[in-house]
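Protein chains in written order, with the working numbering: chain A, 211 to 326; chain B, 385 to 497. Each residue gets a CB set at the ideal place from its N, CA and C atoms; glycine is no exception. Owing to the predicted nature of the structure, the values given are computational and were not obtained by experimental measurement. First comes the structure, then the notes that go with it.
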């Protein structure tokens with residue numbers, strides 16, 4: 211049973227370009243969380259999605275950032291017109307159920323985004 | 385919003401010592417709390433999950449306790465080994481301010497051989 215798969219592992223973009231980060235949850239998991247980790251800082255929650263629905267996007271910047279988790283295929287975190295401050299490690303995590311069901315969270319290895 | 389703190393920020397101990405990592409959170413209306421470890425340049429691995437109705441949870445040399453009403457959790461590591469060196473993070477699950485896990489800043493542990 212493959213774990214949470216994130217790709218690409220490293221992504222380099224120039225200022226103003228778009229970045230698309232992909233996350234395939236573990237088999238049987240329909241809940242996906244995205245987190246961002248800046249150098250020497252903790253993990254900051256961005257968005258929580260269930261298949262085809264955004265459940266909590268309270269940590270998502272209001273502009274340039276969007277996320278989706280379609281019925282088929284991976285979850286996508288999209289950053290438009292990237293700026294140097296977007297450089298960070300982006301982690302995806304998945305679980306079988308919502309938090310109230312007491313399911314463990316499983317993390318991918320992350321995508322390191324570097325904006326030149 | 386949920387605020388999570390962890391003490392100490394860093395810890396360096398000789399191999400074999402027993403140690404305690406502390407986690408505090410401000411919103412006690414949580415469903416559960418998880419402890420994770422993160423190795424440099426890698427993702428997080430879940431170590432233990434304690435449900436809000438539980439007082440503690442054990443896995444091998446690890447024991448985690450939860451005092452939900454006072455907003456505290458501790459992770460106890462027995463007979464530490466160099467392989468335990470990593471950053472340990474706690475994450476209370478949900479609360480009054482959102483449906484997500486809020487992570488503490490972590491405790492960076494070094495176990496010296």
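- By the criterion of at least three beta-carbon pairs nearer than 8 angstroms, the region 270–278 of chain A is not in contact with the region 217–226 of chain A.
- Under the three-state reduction of DSSP, residue 288/A is assigned to strand.
- Interface flag for residue 318/A against chain B is set, since a Cβ pair is found closer than 8 angstroms.
- Taken through DSSP and simplified to helix, strand or coil, residue 225/A comes out as coil.
- Rounded to whole angstroms, the Cβ separation of residue 421/B and residue 472/B is 5 angstroms, and the two are in contact under 8 angstroms.
- Taking 3 residues as the shortest admissible run, the region 454–481 of chain B contains the following complete beta strand (DSSP E) segments, listed from N- to C-terminal end: 456–461 and 470–477.
- With a contact defined as Cβ atoms closer than 8 angstroms, residue 409/B and residue 253/A miss out at about 15 angstroms.
- Contact of residue 312/A with chain B by beta-carbon distance below 7 angstroms involves 415, 416, 433 and 435.
- Distance from the Cα of residue 413/B is smallest, within the candidate group 431/B, 388/B, 460/B and 452/B, for 452/B.
- Among the residues facing chain B, residue 253/A is included, as its CB has a counterpart in that chain under 8 angstroms away.
- Our two residues, residue 458/B and residue 450/B, have alpha carbons roughly 7 angstroms apart in a direct line.
- Residue environment: residue 416/B is assigned as buried (16 or more neighbouring CB atoms within 10 Å of its CB, all protein chains considered).
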